[in-house]
Amino acid sequence: MDINLFPNLTMDVSVVGFGLWTIATKKWKSMGRTNHVKFLNDAFGLGINFYDTADS
1 MDINLFPNLT MDVSVVGFGL WTIATKKWKS MGRTNHVKFL NDAFGLGINF
51 YDTADS
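See the structure below:
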């Protein structure tokens, strides 16, 4: 996974992020908690450490 280096942060940030809105809102069809956890674990395993938690 490529990373962005930010001099004022204590960690590097992945260039690919995971938008949590798709698994955290009822506007999208739920695929179940088990799948949501799997998606997050898979993303983390691929090196993604930027998670967008904005509400819109």
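Using my numbering, the letters of the sequence shown map in sequence onto residues 1 to 56.
Heads up, the beta-carbon is just placed ideally off N, CA and C, and yes, glycines get one too.
No experiment lies behind these values; they were computed from the predicted model shown.
Separation of Leu5 and Tyr51 (C-alpha to C-alpha, rounded to the nearest whole angstrom) is 16 Å. Contact check for Trp28 against Thr22 passes: the beta carbons are separated by less than 7 Å. Residues Ala43, Ile48 and Tyr51 of the same chain have their beta carbon placed closer than 6 Å to that of Phe18, with the five preceding and five following residues left out of the count. Met1 and Val15 have their C-alpha atoms roughly 8 Å apart. Distance from the Cα of Asp55 is smallest, within the candidate group Met11, Ala24, His36 and Val13, for Ala24.
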